[in-house]
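In our numbering, the protein residues as written are 19 to 446. Structure, as structure tokens:
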Ligand SMILES: COc1cc(/C=C/C(=O)SCCNC(=O)CCNC(=O)[C@H](O)C(C)(C)COP(=O)(O)OP(=O)(O)OC[C@H]2O[C@@H](n3cnc4c(N)ncnc43)[C@H](O)[C@@H]2OP(=O)(O)O)ccc1O
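What follows is the structure, encoded as structure tokens:
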């Protein structure tokens with residue numbers, strides 16, 4: 019239904035540093051995957067600038083790239099054999115497109131339909147690896163009703179969720195006519211260089227390959243993978259927290275994240291029918307910006323997140339009360355200190371290992387990312403979110419509702435396991 023124009027390159031509107039290599043830290047190396055997101059805008063009178071969405075967004079992109087100039091370069095491999103950016107100044111890839119339908123026909127982003135939403139995001143045809151893909155592409159699609167969608171494909175090695183939102187919202191305020199950015203990017207990532215020599219002071223189980231003794235591979239291989247999202251409104255979230263606190267094991271203290279993560283870790287373990295001896299790993303990203311000593315500078319452009327982990331056998335998780343799983347999550351959050359994060363940076367330096375998703379659940383929290391601030395002059399997006407889940411082991415926590423006080427838990431499971439997971443959620 020979507021007809022794309024020819025892709026064009028949008029270069030920074032003014033001269034920016036070129037001809038050098040831009041350093042990416044070890045925290046950027048770990049997660050070099052393309053993240054696709056879509057922002058949908060209802061028909062509205064033209065923005066204050068009077069232009070159409072395509073030209074307003076294209077012009078503003080050129081201006082914001084003056085600040086975010088590494089996004090106009092291309093990924094390369096440095097002499098240290100790490101990902102870096104070649105500051106070519108070529109520009110971000112920008113595509114305009116027209117959809118043969120109304121915005122109302124776009125499926126609810128709470129449970130994304132990757133095939134349909136994928137048409138709203140541009141991927142470089144034939145690119146075989148991330149070195150052949152630009153750090154970012156943007157597609158602006160006009161709908162027949164007058165609304166439009168912005169589809170972004172951005173490499174996670176350039177920024178994490180918070181950094182990505184700061185970029186998108188800087189772009190949006192530039193489109194609205196702001197002369198200066200509220201949060202200018204802090205470009206220099208060398209504050210996160212590894213120590214010399216590297217010091218590994220934690221076991222870093224995030225890299226451990228756990229054998230699949232429950233043979234979930236057969237389950238995944240034999241059944242259709244279903245995606246569903248489960249909405250937890252504030253009352254339901256309070257019930258989840260109540261369950262985690264019920265036996266007093268957590269001393270009356272537990273955040274919503276800890277309780278909800280514990281709940282879904284247990285429920286997924288049960289739904290997949292893991293054998294009691296199966297070791298299972300929970301991974302999740304923690305924002306390290308304020309945990310580093312000193313804290314990362316305001317507007318830090320790159321990945322300031324670190325993966326932390328909790329380990330348990332399926333039997334241990336399921337035979338213990340909910341407070342146990344929530345407590346393991348709590349311990350994993352508390353483990354993330356400056357020393358833990360420096361140790362993770364050094365671990366990559368020494369081993370070049372990437373986290374393993376074997377027998378793992380990876381929870382990634384987008385619920386506090388400021389998608390709603392992406393106002394390019396046509397108001398807040400009516401809908402926004404991911405195009406797909408990157409891996410079958412990933413569960414996303416997304417903000418939901420007008421006041422963003424509810425959390426949508428989005429996941430994929432084999433059909434029979436999804437039914438079992440649904441039954442467990444219905445009990446809450
Ligand atoms: C590349 O292009 C992209 C990329 C992306 C996305 C990429 C990613 O996914 S990167 C990962 C993104 N996620 C994070 O960075 C996680 C950030 N969150 C944390 O680090 C959390 O601390 C936590 C580790 C998840 C744990 O959370 P929690 O246990 O809730 O503890 P606290 O957050 O410290 O909260 C405790 C308590 O404080 C209150 N509170 C704190 N902050 C807020 C806030 N901002 N608003 C409201 N309230 C807050 C709150 O009361 C908390 O207690 P509750 O129990 O009431 O929750 C995407 C797109 C691209 O293009």
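Beta carbons: idealized from backbone N, C-alpha and C, even for Gly. Only a predicted model underlies this, so the values are computations on that prediction, with no experimental measurement involved.
**Q.** Every unbroken beta strand (DSSP E) inside the segment 211-257 [3 residues or more]
**A.** DSSP runs (the beta strand (DSSP E)) wholly in the segment 211-257: 243-250.
Q: From the DSSP output, in three-state form, read off residue 142 for me.
A: Three-state DSSP puts residue 142 in coil, outside helix and strand.
Q: Verify the contact flag: residue 172, CB atom, against every heavy atom of ligand 1, threshold strictly below 7 Å.
A: Relative to the non-hydrogen atoms of ligand 1, the Cβ of residue 172 comes within a distance shorter than 7 Å of at least one.
Q: Tell me whether residue 157 sits in a helix, a strand or coil according to DSSP, three-state version.
A: Strand.
Q.
Does the structure place the segment 29-49 close enough to the segment 89-97 that three or more beta carbon pairs sit under 8 Å?
A. In short, these stretches touch, since the Cβ pair count reaches three.
Q.
Just to confirm before moving on: does the CB-CB distance between residue 184 and residue 317 stay below 8 Å?
A. Result yes, Cβ atoms of residue 184 and residue 317 sit closer than 8 Å.
Q. Is residue 234 near ligand 1, in the sense that its beta carbon is under 7 Å from a heavy atom of that ligand?
A. Within 7 Å of the C-beta of residue 234 there is not a single heavy atom belonging to ligand 1.
Q: Drop a sphere of 10 angstroms on the beta-carbon of residue 19, count the other beta-carbons inside from all chains shown, and report buried for 16 or more, exposed for fewer.
A: Residue 19 should be labelled exposed.
Q. When the distance is taken between beta carbons, is residue 245 closer than 8 Å to residue 378?
A. The beta carbons of residue 378 and residue 245 sit no closer together than 8 Å.
Q. If residue 222 and residue 362 are in contact, beta carbons under 8 Å, what's the gap, nearest whole angstrom?
A. About 7 Å separates the two Cβ atoms, so the contact holds.
Q: Using only the heavy atoms of ligand 1, determine whether one of them is closer than 7 Å to the beta carbon of residue 323.
A: Placement of the Cβ of residue 323 at a distance of less than 7 Å from at least one heavy atom of ligand 1 is found.
Q: Identify, in the order they occur along the chain, each residue of the same chain with its Cβ nearer than 6 Å to the Cβ of residue 4, setting aside the five sequence neighbours on each side.
A: Residue 4 lies beyond the stretch modelled for the chain, which goes from 19 to 446, so this question has no answer here.
Q. Taking the beta strand (DSSP E) that residue 440 falls in, what are its first and last residues?
A. Per DSSP, residue 440 is not a residue of any beta strand (DSSP E); the alpha helix (DSSP H) it occupies stretches across 433-444.
Q. Hey, would you say residue 435 sits closer than 8 Å to residue 237, going by beta carbons?
A. Taking the C-beta atoms as reference points, residue 237 is found nearer than 8 Å to residue 435.
Q. Which residues mark the beginning and the end of the beta strand (DSSP E) in which residue 403 is found?
A. The continuous beta strand (DSSP E) containing residue 403 extends over residues 401-404.
Q: Would you check if the distance between the CB atom of residue 56 and the CB atom of residue 405 is smaller than 8 Å?
A: In contact: residue 56 and residue 405 (Cβ atoms closer than 8 Å).
Q.
Between residue 151 and residue 170, how many whole angstroms is the CB-CB distance? I'm expecting something under 8 Å.
A. Residue 170 and residue 151 do not touch by the CB rule: their CB atoms are close to 13 Å apart, not below 8 Å.
(Q) With three or more beta-carbon pairs closer than 8 Å as the criterion, would you say the segment 283-293 touches the segment 174-181? (A) When C-beta atoms of the segment 283-293 are compared with those of the segment 174-181, fewer than three pairs fall below 8 Å, so the two segments do not count as touching.
Q: Kindly indicate which residue of 174, 437, 76 has the alpha-carbon position closest to the one of residue 157.
A: Taking only the C-alpha atoms, the option nearest residue 157 is 76.
Q) Smallest Cα separation from residue 285: which of 252, 300, 113, 310? A) For residue 285, the nearest C-alpha among the options comes from 300.
Q. What span of residues does the beta strand (DSSP E) with residue 169 cover, start to end?
A. Its beta strand (DSSP E) spans residues 166-173.
Q. If you draw a straight line from the alpha carbon of residue 240 to that of residue 234, how long is it in whole angstroms?
A. Separation of residue 240 and residue 234 (C-alpha to C-alpha, rounded to the nearest whole angstrom) is 10 Å.
Q.
By the DSSP assignment, the beta strand (DSSP E) with residue 418 in it spans what residues?
A. If you look at residue 418, you'll find it in the beta strand (DSSP E) that goes 412-418.
Q. Residue 323: buried (16+ other C-beta within 10 angstroms of its C-beta) or exposed?
A. A residue is called buried once 16 or more other Cβ atoms fall within 10 Å of its Cβ, and residue 323 is buried on that count.
Q: Tell me where the alpha helix (DSSP H) around residue 79 begins and ends.
A: Start and end: 71-82.
Q. So what does DSSP say about residue 367, is it helix, strand or coil?
A. DSSP places residue 367 in helix when its eight states are reduced to three.
Q | CB contact flag (residue 173, residue 391, <8 Å) | A | The Cβ-Cβ distance between residue 173 and residue 391 does not fall below 8 Å.
(Q) Using CA atoms only, rank isn't needed, just tell me which of 271, 206, 297, 262 is closest to residue 18. (A) No answer is possible for residue 18: the residues shown for the chain start at 19 and end at 446.
**Q.** Limits of the unbroken alpha helix (DSSP H) element including residue 351
**A.** In this chain, the alpha helix (DSSP H) harbouring residue 351 covers 340-352.
(Q) I need the straight-line Cα distance from residue 23 to residue 60, nearest angstrom please. (A) Each residue's CA atom was taken as its position, placing residue 23 and residue 60 some 22 Å apart.
Q: Measure how close the beta-carbons of residue 327 and residue 210 come, nearest whole angstrom, since I'm counting them as under 8 Å.
A: At roughly 20 Å, the Cβ-Cβ gap does not stay under 8 Å, so residue 327 and residue 210 are not in contact.
Q: Look up residue 426 in the DSSP assignment and give the residues it is bridged to.
A: Bridge partners of residue 426: 249, 416.
**Q.** In DSSP terms, what residue 305 is bridged to
**A.** Partner(s): 323.
(Q) Between which residues of its own chain and residue 30 is the CB-CB distance below 6 Å, once the five residues before and five after are set aside? (A) 83, 84, 87, 90, listed in sequence order.
Q | Sequence-distant residues of its chain with Cβ nearer than 7 Å to residue 385 (five each side left out) | A | So the list reads 415, 416, 417, 425, once near-sequence residues are dropped.
Q | Identity of the residue in 47, 123, 116, 268 nearest residue 101 by Cα | A | Of the candidates 47, 123, 116, 268, the one whose C-alpha sits nearest the C-alpha of residue 101 is 47.
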